[in-house]
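For what it's worth, the numbering used here labels the leading residue of the sequence shown as -4, then goes sequentially. Cβ atoms here follow ideal geometry from the backbone N, Cα and C, with glycine treated the same way. Fair warning: this is a prediction, and the values are worked out from it, not measured in the lab. Here is the structure we will look at, set down as structure tokens.
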Amino acid sequence: MLVTDGHVNKKFHSVYFSQKDERILQLIAKYLEADYVLASYGKTKTTPTLIINSKIMKEDLAILGITPNKSLTVPFPNIPEEYLFSFVRGVIDGDGWVQNKGYVMNVTTGSEDFAKGLLALYKSWKLRAEITTECSQKGSMIYRVWVKGKDDLPKLAKIIYEHAGDNYNYCKKERLTQRVKEKETIYYVEIS
């Protein structure tokens, strides 16, 4: 979540998580054994934000390449195999978009290295994936890493949700898994 919906403060030893789904912020606080205190809302601040004050965390994140203004430079981190599925689920929950019909999804990033790393991972999972690019209004490149297809989204869903517990965005899981249910129903009808 930090890679997608997080922010490392440049001046202070603080790390912020912003997420519309406040339940996810509560989970992050629980896993970090942090007090759950949301930033106050103002006229322009509409998204709930969890603030963690920790010099150690900020320094550890810098070692991983997660620094202030990380959006354009964050590398695809070296994640141990057993955590890759959870990492990708968090990336999709943070910066992912899933079509409501469940045939197409993408993750948007400003980092070319991150986009290429995610694409390579999707391809290693034998998913139909590609990267598209466009230029933002500010002149920066935007990378969208896509997974497309009525068979590929259910395959991705099975990979990332198999051991998820309750750690995911409910709406995105619903959209990603709807073709899984459909395929199981069709398979059941054909056998019967």
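Which of helix, strand or coil DSSP assigns to residue i
i       : result
Tyr26   : helix
Ser187  : Confidence at Ser187 is low in this model, with a pLDDT of 45, below 50, so the placement of that residue should be treated as unreliable; the coordinate-derived value is given next. Ser187 falls in the coil class under three-state DSSP.
Tyr31   : coil
Thr(-1) : helix
Thr172  : helix
Tyr11   : strand
Rounded distance between the beta-carbons of residue j and residue i, thought under 8 Å
i      : j       : result
Ile61  : Leu(-3) : 6 Å
Val140 : Val102  : 5 Å
Asn162 : Ser81   : 7 Å
Lys150 : Leu122  : 6 Å
Val10  : Met52   : 6 Å
Val69  : Ser119  : Wrong, their Cβ atoms sit about 20 Å apart, outside the cutoff.
Thr208 : Tyr117  : The chain is shown only over -4 to 187; residue 208 falls outside these bounds and no answer can be derived.
Nearest residue (CA-CA) to residue i, options the options
i      : options                        : result
Glu54  : Asp30, His8, Gly160, Gly144    : His8
Tyr115 : Met136, Leu79, Tyr31           : For the sequence presented, residue 115 should be read as Ala rather than Tyr. Residue Leu79 is the option with its Cα nearest to Ala115.
Lys15  : Tyr165, Gln173, Arg170         : Tyr165
Glu125 : Lys133, Lys111, Ser131, Ser135 : Lys111
Ser171 : Thr41, Ile46, Gly160, Gly91    : What sits at residue 171 in the sequence shown is Leu, not Ser. Per the Cα distances, Gly91.
Phe188 : Asp0, Lys6, Ser106             : Given a span of -4 to 187 for the chain in the structure shown, any question on residue 188 remains unanswerable.
Thr44  : Leu56, Ala57, Ile51, Asp30     : Asp30
Met136 : Asp147, Phe109, Ala152         : Phe109
Glu169 : Gly97, Gly144, Val69           : Gly97
Leu67  : Gly134, Val32, Asn73           : Gly134
Val175 : Lys5, Pro72, His158, Ile154    : Ile154
Legend entry - Sequence ranges, alpha helix (DSSP H) only - wholly within the stretch 53 to 101, length at least 4: Complete alpha helix (DSSP H) runs here, min 4: 76 to 90.
Legend entry - Contiguous beta strand (DSSP E) assignments of at least 3 residues, all confined to the stretch 107 to 145: Segments of the beta strand (DSSP E) lying fully in the stretch 107 to 145: 124 to 130, 136 to 143.
Inset, instruction - Indicate whether the contact test is met: 3 or more Cβ pairs, each with one atom in the stretch 12 to 27 and one in the stretch 56 to 73, closer than 8 Å. - result: No, the stretch 12 to 27 does not touch the stretch 56 to 73.
Legend entry - Meets three-Cβ-pair contact criterion under 8 Å: the stretch 72 to 86 and the stretch 23 to 34: No, because fewer than three Cβ pairs between the stretch 72 to 86 and the stretch 23 to 34 fall closer than 8 Å, the two stretches do not touch.
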